[in-house]
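J.: I'd like to ask some things about the structure below.
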Amino acid sequence: MAPPPEHAPLAERVEELLAAGGPLPIVAAGQPVLRRGTEPYEGQLGPALLARFVEALRETMHAAPGVGLAAPQVGVELRIAVIEDPAPVPEEIAVARGRVPQPFRVLVNPVYEPVGSARAAFFEGCLSVPGWQAVVARHAEVRLRAEDERGRALDEVFGGWPARIVQHETDHLDGVLYLDRAEPRSLSTNAAVTALWSQPTPRTAAGALGFELP
10 MAPPPEHAPL AERVEELLAA GGPLPIVAAG QPVLRRGTEP YEGQLGPALL
60 ARFVEALRET MHAAPGVGLA APQVGVELRI AVIEDPAPVP EEIAVARGRV
110 PQPFRVLVNP VYEPVGSARA AFFEGCLSVP GWQAVVARHA EVRLRAEDER
160 GRALDEVFGG WPARIVQHET DHLDGVLYLD RAEPRSLSTN AAVTALWSQP
210 TPRTAAGALG FELP
């Protein structure tokens, strides 16, 4: 089924992106598309084009590589994101951060709400802010409501690192970057994080760089 005429420009934009083949170009911070927020997905692309777009998001996420990617990060202002995390980290880090493998998921029109008041702070980065990481305190557990690409409802509680991924990607759909929520004094290059702050938690970084943890 073709998209309604009023959605044609958006569908054409996606077709143009996909026509080049391969991973999609990732939009870097400073581009307005990352700040405008998104419109709800209401069939603008049609089932076939949506399936192709979702697969392109997945390919782009893998190539980057990353554990999540939102439509605005490839210049498309639709409330769609994908997540997937094989969690290839040492056990000590996996336990400290609650990082467990996540299967590939498509999140259409996702919204989240905190479960409880606990917060957890860790370094995180973003494919749209390459080369940098910062400590972000996020809800330790969230309830996510969304649909998948076939319109099936998702209502699930996420904890640990998966909760962080869900919040990060959903924030993108609202025009929010992780830097907006980050502790400014923690901002570090990837090289600095690898060399100095690769501990399971950011406690050492907090003491050395002078910021508080929740």
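Quick note on the numbering used here: the sequence shown kicks off at 10 and runs consecutively. All C-beta atoms in this analysis are idealised placements derived from N, C-alpha and C, irrespective of residue type, glycine included.
Can you tell me whether DSSP reads T213 as helix, strand or coil?
T.: Helix.
J.: From R173 to E21, what does the alpha carbon distance come to, in whole angstroms?
T.: About 33 angstroms.
J.: Nearest-angstrom Cα distance between G125 and T213?
T.: Using only the alpha carbons, I get a separation of about 27 angstroms.
J.: Looking at V117 and V23, is the spacing between their C-beta atoms short of 8 angstroms?
T.: Going by C-beta atoms, V23 is not nearer than 8 angstroms to V117.
J.: Report yes or no: do three or more beta-carbon pairs, one from the stretch 128–143 and one from the stretch 67–83, lie closer than 8 angstroms?
T.: Yes, they touch.
J.: Please specify which runs of the beta strand (DSSP E), each continuous and at least 3 residues long, are wholly inside the stretch 155–185, giving them in chain order.
T.: DSSP runs (the beta strand (DSSP E)) wholly in the stretch 155–185: 162–168.
J.: Using 10 angstroms around the beta-carbon of D164, count the other beta-carbons present and answer buried if the total reaches 16, otherwise exposed.
T.: D164 comes out exposed.
J.: Here's a check: name, in chain order, each residue in its chain whose Cβ is nearer than 6 angstroms to the Cβ of R88, leaving out the five neighbours to either side.
T.: T47, P49, Y50, N118 and L182.
J.: Check for me: the beta strand (DSSP E) holding I35 runs from which residue to which?
T.: Careful: I35 lies outside any beta strand (DSSP E) and carries neither H nor E.
J.: Short of 7 angstroms in beta carbon distance, which residues of its chain neighbour R61, apart from the five on each side in sequence? Order them along the chain.
T.: Same-chain partners within the cutoff: L27.
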